[in-house]
Amino acid sequence: MENHPFDLDNRAAYAHWRDSKRARQPRRAEDLIVDVADPRALSSAERTRLLTLCSSANMAIYRSPVVAEDKAILRLLAAQLGLHRLDGNWLADEDGISPIAVSAELGNRPAFIPYTNRPIKWHTDGYYHPQSRQIRAMVLHCVRPAQTGGESAVMDHEMAYIALREANPEWVRALMQPDAMTIPERMDEDGVARAEQTGPVFSVDALSGELHMRYTARTRSIAWKDDAPTRGAVAFLEQLLASDDSSVFRLTLQSGMGLVCNNVLHDRTGFVDDPLQPRLLYRARYLDRISEEIYEESGSGADEICVSSY
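When you line the sequence shown up against this note's numbering, it's residues 1320 to 1629, in that order.
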């Protein structure tokens, strides 16, 4: 891993990357916000700003006057940011996009916390996926916010990595082990619906060389490797994410706003709905990272929907 910043034995490369990363970090949640006229058709300046933020902070928040209940907003925006391989998981609609709402009419969804009004602990999306199906990017678009609550917190996973490595490099080493975190199998009435998944928390993408993180703060349906370095690392992460660290940004998405990110750490507070105008967000998860490559629409769309049972 010559000149690789995530090689624990390459301190010079890491220090250079760390200092550059810190220098480019946003200082406030407001610094993540990019005003766009229409996310379905970004201007050159709007697209450049979103890409720049995603390059420096792995995320950006767009704010627009477009409040239509239209899932094409996500697909068209994503295509302009190099995203085209949708993760069509079993709870998504046929178009691969998931409506995140509380409703008795959502079939199996109410059994899963994102489709309730309960708080969601810190996690990255798809932490239960195999490494061959990593969720590398996500778009979360707000159609309607809750009446009260529903605040999101986000943290660049690379900043979490820096905090861990600065505190104790052996904690990073532990979380890069292939048996660091295990998500048990998920069962349904037909048997095993999703196989057990064991893997690292931090890994380096073989194609891009970028850092990937799979993590959940859940205490149920998860098994951590039982050794001192792993326990220390997990405890440190829990404390970091519960703190007022300057890299943790909190905000509530309003109508026409959305998050685009390289699957950063995020959580959500509980909320209370307006019965007449219930909270509705759309979520699209991608196997790609955000990049400058544009995917043009053709036929029904440029997206490749990769269907999975996860």
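We put the CB at the ideal spot given by N, CA and C, even for glycine.
Roughly how many angstroms separate the alpha carbons of isoleucine 1481 and leucine 1578, rounded to a whole number? Numbered from its first residue, the sequence shown carries residue 1481 at position 162. Numbered from its first residue, the sequence shown carries residue 1578 at position 259. When rounded, the distance between both Cα atoms is 23 Å.
With burial defined as no fewer than 16 other Cβ atoms inside 10 Å of the residue's Cβ, what is the status of leucine 1526: buried or exposed? As a working mapping, residue 1526 is identified with position 207 in the sequence shown. Counting Cβ neighbours within 10 Å, leucine 1526 comes out exposed, since fewer than 16 surround it.
If leucine 1584 and methionine 1474 are in contact, beta carbons under 8 Å, what's the gap, nearest whole angstrom? Here residue 1584 refers to the residue found at position 265 of the sequence shown. Here residue 1474 refers to the residue found at position 155 of the sequence shown. About 4 Å separates the two Cβ atoms, so the contact holds.
Which residues DSSP lists as bridging methionine 1630, in chain order: The displayed coordinates of the chain run from 1320 to 1629. Any statement about residue 1630 would go beyond what the structure contains.
Report buried or exposed for proline 1358, applying the criterion of at least 16 other Cβ atoms within 10 angstroms of its Cβ. Position 39 of the sequence shown holds residue 1358. Looking at its Cβ environment, which holds 16 or more other Cβ atoms inside 10 Å, proline 1358 is buried.
The region 1379-1389 / the region 1347-1354 touching (three or more Cβ pairs under 8 Å): Taking a cut-off of 8 Å on C-beta distances, the region 1379-1389 touches the region 1347-1354, as three or more cross pairs fall below it.
Contacting residues, own chain, Cβ-Cβ under 6 Å from cysteine 1373 (five flanking each side not counted): As a working mapping, residue 1373 is identified with position 54 in the sequence shown. Ala1379, Ile1609.
In angstroms, rounded to a whole number, what distance separates the CA positions of methionine 1532 and arginine 1437? Here residue 1532 is taken as the residue at index 213 of the sequence shown, counted from 1. Here residue 1437 is taken as the residue at index 118 of the sequence shown, counted from 1. Distance between the alpha carbons of methionine 1532 and arginine 1437: 24 Å.
Neighbourhood of glutamine 1466 by C-beta distance below 7 Å, restricted to the same chain and skipping five residues each side: For the purposes of this step, residue 1466 is identified with residue 147 of the sequence shown, where counting begins at 1. Cβ neighbours of glutamine 1466 beyond the five flanking positions: Val1591, Asp1592, Asp1593.
Pull up the CB-CB distance for tyrosine 1292 and arginine 1455, whole angstroms please, since I reckon it's below 8 Å. The structure shown does not extend to residue 1292, since the chain is modelled only from 1320 through 1629, so no value can be given for it.
Arginine 1347 to aspartate 1564, Cα distance in whole Å? Locating residue 1347 in the sequence shown gives position 28, counting from the first residue. Locating residue 1564 in the sequence shown gives position 245, counting from the first residue. A straight line joining the alpha-carbon of arginine 1347 with that of aspartate 1564 spans about 11 Å.
Start-to-end residues for the beta strand (DSSP E) that takes in phenylalanine 1276: The structure shown does not extend to residue 1276, since the chain spans only 1320 to 1629, so no value can be given for it.
Own chain residues within Cβ distance below 6 Å of glutamate 1369, not counting five before or after: Here the question's residue 1369 lines up with position 50 in the sequence shown. Looking at the sequence itself, residue 1369 is leucine, so the reference to glutamate does not match. Here the set comprises Val1353, Ala1379.
Residue from Leu1530, Asp1328, Arg1587, Pro1488 with nearest C-alpha to lysine 1440: The residue you call residue 1440 lines up with position 121 of the sequence shown. The shortest CA-to-CA distance from lysine 1440 to any of Leu1530, Asp1328, Arg1587, Pro1488 is the one to Arg1587.
Exposure label - arginine 1365; buried when at least 16 CB within 10 Å: Indexing the sequence shown from 1 puts residue 1365 at position 46. It is worth fixing the name first, because residue 1365 is glutamate in this sequence and not arginine. Buried, since its Cβ has 16 or more Cβ neighbours within 10 Å.
Given proline 1503, which residues of its chain have a CB within under 8 Å of its CB, disregarding the five upstream and five downstream residues? Residue 1503 sits at position 184 when you count from the first residue of the sequence shown. So the list reads Glu1515, Ser1540, Ile1541, Ala1542, once near-sequence residues are dropped.
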